[in-house]
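J.:
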Amino acid sequence: MALHETKDARARDADTDVFTSALSGQILPKYRMPDDHSPSEVVYSLLHNELLLDGNAAQNLATFCTTWSDDGVHRLMNECLDKNMIDKDEYPQTAEIEARCVNILADLWNAPKGTSGTGCSTTGSSEAAMLGGLALKWRWRARRRAEGKPADRPNLVCGPVQICWEKFARYFDVELRQVPLEPGATGLLPHQLAAHVDENTIGVVAILGVTYTCDYEPVAEIAAELDRIQQEHGWDIPVHVDAASGGFVAPFLHPDVVWDFRLPRVASVNTSGHKYGLAPLGVGWIVWRTAELLPADLVFDVDYLGGDMPTFALNFSRPGGEVIAQYYLFLRLGRGGYRRVQQACADTAQYLAGEIAGMGPFTLLYDGQGGLPAVSYTLADPEAAGFTLYDLSDRLRMRGWQVPTYPLPADRQDTVMQRVLIRHGVTRDQIALLVSDLRAAVEHLAAHPQPVTTEPRSGFHH
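Counting from 27, one number per residue, gives the positions in the sequence shown under this note's numbering.
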């Protein structure tokens with residue numbers, strides 16, 4: 027007769043029950059690695075519970091970034107966990123798919139016929155913007171040196187840009203000439219350029235989807251003004267379009283808006299795959315109009331990963347899954363699918379704009395038409411309201427909604443505003459619930475006026 031040994035049932039249960047495990051009876055280590063291992067399911071469950079303290083991504087109306095992905099994206103991301111995007115010799119098909127995405131974007135943005143896409147993926151639109159800025163600086167410097175002129179005082183001209191451009195200017199020693207907003211304006215206006223550009227201007231950044239208000243800057247008119255300036259002064263100043271969000275919106279919702287490589291002065295475009303490109307977090311794109319606009323001495327050849335490969339990036343090793351997911355979305359949605367997704371978002375934004383306009387205390391700054399699927403607004407009479415938009419943000423946060431409040435840039439910093447972004451996965455019903463909570467919050471704050479504070483308050487606008 028065979029002999030059988032039995033395990034201690036209590037020990038077995040202790041291993042499998044998360045809340046009777048040794049680790050669950052402790053405060054999780056924060057400054058020193060534990061001395062021994064713990065069961066994976068226990069660690070997973072404890073971290074899962076701790077992460078419940080984060081905000082609900084579905085209610086985060088501050089972020090431009092993707093917060094919903096279908097099952098195909100999840101499966102491909104899991105299958106690509108071990109793929110290093112930089113190692114093109116070991117993962118040649120991932121590199122091929124990256125090249126396909128660049129070509130698709132070059133075509134989407136109307137690169138000259140007969141040219142192949144020149145560009146690359148990045149960790150996001152901020153890195154892509156910096157690569158575009160570096161190319162502008164290198165080309166300007168080479169031209170100045172060829173003309174025997176000094177090349178030690180480069181400047182970059184822009185309107186109310188995202189923080190990545192301030193980082194670029196500081197990190198790479200470029201003067202950032204950020205043009206103040208005129209009364210009633212939300213972005214850079216063409217007639218402002220003449221007072222800010224000169225022979226040391228490496229380029230002008232035009233924003234397709236201003237971070238603050240979500241409308242488009244007039245890229246074609248900016249390019250036309252630079253044409254005029256060149257005729258007057260001889261300065262050939264290129265345009266870089268920061269299309270972090272608009273690059274995946276304008277081609278589908280506003281095909282008649284001319285902002286891309288149809289304008290000869292547009293040298294490069296950056297975008298976020300993980301914003302309205304619908305890919306998961308961690309992918310951006312930079313595309314140049316033609317190959318010669320990317321200076322060769324910015325590209326490094328690497329041979330220590332198993333083959334000779336060119337690389338242009340601020341990052342080195344990075345995951346390939348996001349690039350694969352981007353290509354999956356290109357194939358699955360196609361142009362028609364992207365158009366339907368963005369139109370649904372735009373329709374919901376316009377519904378929200380109508381509801382906010384009808385509430386009484388607000389003035390719309392942007393109504394969701396002609397730019398990104400979003401709404402931005404301010405208090406019509408801040409003195410009479412009895413509350414601030416910061417108070418309103420706090421009140422909405424009690425219901426889980428993350429709605430950012432912040433001032434406009436100089437010279438409109440006295441205007442405090444809120445912005446709501448509508449992304450894929452944000453439904454009409456969800457926004458109807460927001461409207462109900464917004465109305466209730468306004469009624470509560472109007473009935474219980476808040477004390478005026480002079481202390482600085484901050485919002486968040488991603």
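From the three backbone atoms N, C-alpha and C, an ideal C-beta is built for every residue, glycine too.
Among Cys146, Ser343, Asp463, Gly273, which one has its Cα closest to the Cα of Leu107?
T.: For the residues Cys146, Ser343, Asp463, Gly273, the minimum Cα distance to Leu107 belongs to Ser343.
J.: In terms of residues, what are the limits of the beta strand (DSSP E) holding His266?
T.: First-last of the beta strand (DSSP E) with His266: 265-268.
J.: Of the choices Pro477, Ala305, Trp311, whose alpha-carbon is the least far from that of His100?
T.: Checked all of Pro477, Ala305, Trp311; the closest Cα to His100 is Ala305.
J.: Is Val442 closer than 8 Å to Thr431 when the C-beta atoms are compared?
T.: Contact flag set, yes.
J.: Go to Arg438, then tell me how far its alpha helix (DSSP H) extends in each direction, as first and last residue.
T.: Element bounds for Arg438: n/a, residue is neither H nor E.
J.: Taking the alpha carbon of Ala501 as the point to measure from, which residue in Tyr70, Leu162, Ile189, Thr93 has its own alpha carbon closest?
T.: It is not possible to answer for residue 501, since the shown part of the chain is limited to 27 through 488.
J.: Taking C-alpha atoms, which residue in Arg449, Pro290, Pro336, Val44 lies nearest to Cys240?
T.: Among Arg449, Pro290, Pro336, Val44, the Cα nearest to that of Cys240 is on Arg449.
J.: Could you compute how far the alpha carbon of Ile382 sits from the alpha carbon of Leu415?
T.: Cα to Cα, the separation comes out at about 13 Å.
J.: Looking only at its chain, what residues have a beta carbon closer than 6 Å to the beta carbon of Val337, apart from the 5 residues adjacent to it on each side?
T.: The amino acid occupying residue 337 in the given sequence is Thr; Val does not appear at that position. Excluding positions up to five away in sequence, the list reads Phe326, Val328.
J.: Please identify the residue among Ala270, Tyr302, Gly451 whose C-alpha is closest to the C-alpha of Ala232.
T.: Ranking the options by Cα distance to Ala232, first place goes to Ala270.
J.: Could you check if Phe45 is buried or exposed, using at least 16 other CB atoms within 10 Å of its CB as the buried criterion?
T.: That one is exposed.
J.: Measure the Cβ-Cβ separation of Pro206 and Glu251 and say whether it is below 8 Å.
T.: Cβ distance not < 8 Å, so Pro206 and Glu251 don't count as in contact.
J.: Threshold first: 3 residues or longer. Then list the beta strand (DSSP E) segments lying entirely within the stretch 133-181, N to C.
T.: If we require 3 residues or more, the beta strand (DSSP E) runs fully inside the stretch 133-181 come out as 144-148.
J.: Quick check on Gln204: does DSSP put it in helix, strand or coil?
T.: Looking at Gln204 - three-state DSSP - the assignment turns out to be strand.
J.: To which residues of the same chain is Asn226 closer than 7 Å at the C-beta, ignoring the five residues directly before and after it?
T.: Arg179, Pro180, Asn181.
J.: Mind checking Asp113: buried by the 16 CB within 10 Å criterion, or exposed?
T.: Buried: at least 16 other Cβ atoms inside 10 Å.
J.: Short check: CB of Ala155 to CB of Asn296, under 8 Å?
T.: Yes. Within cutoff.
J.: Nearest-angstrom Cα distance between Trp135 and Leu87?
T.: Cα to Cα, Trp135 sits roughly 28 Å from Leu87.
J.: Using a threshold of 8 Å, state whether the C-beta atoms of Pro345 and Lys56 are closer than that.
T.: Going by C-beta atoms, Pro345 is not nearer than 8 Å to Lys56.
J.: Spell out the partners DSSP gives Leu405 in its beta bridges.
T.: Phe388, per the DSSP bridge assignment.
J.: So, using beta-carbon positions, are Val349 and Ser147 closer together than 8 Å?
T.: Taking 8 Å as the Cβ cut-off, Val349 and Ser147 qualify as a contacting pair.
J.: Name the DSSP beta bridge partners of Tyr432, please?
T.: In DSSP, Tyr432 forms a bridge with Met443.
J.: Can you tell me the Cβ-Cβ gap for Thr144 and Val275, rounded? I've got them flagged as a contact below 8 Å.
T.: With a Cβ gap of about 23 Å, Thr144 and Val275 do not count as contacting.
J.: May I ask you to verify whether the stretch 458-476 touches the stretch 382-393, counting CB pairs closer than 8 Å and requiring at least 3?
T.: The stretch 458-476 vs the stretch 382-393: in contact.
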